[in-house]
Amino acid sequence: MAVQRITSTEAQASKKVSNDHFFLWREFVWGAVAGAFGEGMMHPVDTIKTRLQSQAILNGLQVDGLKGFYRGAIPGITGSLATGATYFGVIESTKKWIEDSHPSLRGHWANFIAGAVGDTLGSFVYVPCEVIKQRMQVQGTVTSWSSVAVKNGKAIKPGAQIYSYYTGMIHAGFSIWKTQGLKGLYAGYLSTLARDVPFAGLMYVQYNSTGLSAYLTTPLDVVKTRLQVQGTTLRYTGWLDAICSIWAAEGMKGIFRGGIPRIAWYIPASALTFMAVEFLRDHFNERLPNDNLRDVSRLSVDKKSLQEVA
Numbered sequence: 009m010a011v012q013r014i015t016s017t018e019a020q021a022s023k024k025v026s027n028d029h030f031f032l033w034r035e036f037v038w039g040a041v042a043g044a045f046g047e048g049m050m051h052p053v054d055t056i057k058t059r060l061q062s063q064a065i066l067n068g069l070q071v072d073g074l075k076g077f078y079r080g081a082i083p084g085i086t087g088s089l090a091t092g093a094t095y096f097g098v099i100e101s102t103k104k105w106i107e108d109s110h111p112s113l114r115g116h117w118a119n120f121i122a123g124a125v126g127d128t129l130g131s132f133v134y135v136p137c138e139v140i141k142q143r144m145q146v147q148g149t150v151t152s153w154s155s156v157a158v159k160n161g162k163a164i165k166p167g168a169q170i171y172s173y174y175t176g177m178i179h180a181g182f183s184i185w186k187t188q189g190l191k192g193l194y195a196g197y198l199s200t201l202a203r204d205v206p207f208a209g210l211m212y213v214q215y216n217s218t219g220l221s222a223y224l225t226t227p228l229d230v231v232k233t234r235l236q237v238q239g240t241t242l243r244y245t246g247w248l249d250a251i252c253s254i255w256a257a258e259g260m261k262g263i264f265r266g267g268i269p270r271i272a273w274y275i276p277a278s279a280l281t282f283m284a285v286e287f288l289r290d291h292f293n294e295r296l297p298n299d300n301l302r303d304v305s306r307l308s309v310d311k312k313s314l315q316e317v318a
């Protein structure tokens, strides 16, 4: 019977792989916490953006007052837990893997591919939370959209109420599921991906021009918002119908509605998120012997070390 001996080199390689995986999972946690922090701090501005895009800003103030700007904060924060974990856990590690295994894809291509993978995975949690959040942000308000609204197969006038109040995130989720099923919870899914994947790429192409990237993707954000808040009172059959209808009825102003609040929300939210991540890294990540912090974005698992361990 052969006796397998583990050398000190193999043990060190095994420990390195284990530590790298541990620090990668820690990035998921830090990203989730930081994403929730950024969303929570800037939620009122996000509510303004959503109400502008759905043309419910004035009615929202009349119905809810200032407290209405915090409606939907819980589902918004919940969704940001997923997006934060995705960005700092999946996107960075995927980008590193692409650059290591496919050097020809370094740079912008790696950013686009990693962003597509990360946003797609995160969207399974993010989109239902976003639907619930935006329904709560505009609930109890009336709309003045100029496009035709249809409820129960009949056209209704623009001033009709969309839906009544939800008592909370769980009530909203079950109500949407009951009336519209899975399709309702994932309303605007393709529009969300169409918005977020180019946004991630533009942000890297324009380096740190987050504001410009946010503004350029505003039309996709408007379409996403309209699809997610329309509920059973249908105005648009899909993203193409939405963008054509908005353009025909409202022109360029409608397509870029809420663009400035989107910038005013995204820049501080991104800054707060990255500040929170760096704070968590600085105060909770393990320090190396030379007093440097382990940088998870530069971690890679040596294939030779893996073979030695195996």
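All you need for the numbering used here is the position in the sequence shown, starting with 1, plus 8. C-beta atoms are modelled at their ideal positions from N, C-alpha and C, and glycine is treated no differently. Since the structure is predicted, the reported quantities are computational estimates derived from the model, not experimental observations.
- When the beta-carbon positions are compared, residue 35 and residue 88 stay at least 8 Å from each other.
- Contact between the region 277 to 284 and the region 79 to 86 is absent: fewer than three C-beta pairs spanning the two stretches fall below 8 Å.
- Counted as a single uninterrupted DSSP element, the alpha helix (DSSP H) harbouring residue 188 occupies residues 177 to 193.
- Of 94, 263, 59, the smallest CA-CA separation from residue 41 is found for 94.
- As summarised for the region 82 to 151, the continuous alpha helix (DSSP H) elements at least 4 residues long and confined to that stretch are 100 to 109, 116 to 146, given in chain order.
- Cβ atoms of residue 92 and residue 43 come within 8 Å of each other, at about 2 Å.
- The beta carbon of residue 254 is closer than 8 Å to those of 155, 230, 231, 234, 262, 263 in its chain, skipping five residues each way along the sequence.
- At the C-beta level, residue 236 and residue 176 stay beyond 8 Å of one another.
- In the DSSP annotation of this structure, the continuous segment of the alpha helix (DSSP H) that includes residue 234 starts and ends at 226 to 237.
- DSSP places residue 36 in the helix class (H, G or I) of the three-state scheme.
- Beyond the five residues adjoining it in sequence on each side, residue 184 comes within less than 6 Å, by CB distance, of 192, 193 in the same chain, given in chain order.
- Contact between the region 136 to 147 and the region 99 to 113 is not established, with fewer than three Cβ pairs separated by less than 8 Å.
- Take the alpha-carbon of residue 204 and the one of residue 178: they are about 26 Å apart.
- Pairing residue 266 with residue 113 gives a Cβ-Cβ distance that is not under 8 Å.
- Sorting 272, 246, 227, 125 by C-alpha distance to the C-alpha of residue 259 places 227 at the top.
- Judged by DSSP in its simplified three-state form, residue 274 adopts helix.
- Close CB contacts of residue 50 within its chain, under the 6 Å cut and outside five residues either way in sequence, are with 273, 276, 277 (chain order).
- Judged by beta-carbon spacing, residue 133 lies beyond the 8 Å limit of residue 102, meaning their Cβ atoms are not closer than that value.
- By the neighbour-count criterion, in which 16 or more other beta carbons inside 10 Å mark a residue as buried, residue 54 falls on the buried side.
- Taking the Cβ atoms as the reference, residue 90 lies roughly 27 Å from residue 115, outside the contact range of under 8 Å.
- Per DSSP, residue 62 lies in no alpha helix (DSSP H) segment and is marked neither H nor E.
- Residue burial is scored here from C-beta neighbours: residue 189 has fewer than 16 other C-beta atoms within 10 angstroms and is therefore classed as exposed.
- Residue 220 has its alpha-carbon roughly 23 Å from the corresponding atom of residue 135.
- The beta carbon of residue 137 sits closer than 6 Å to those of 83, 86, 87, all from its chain and outside the five residues before and after it, given in chain order.
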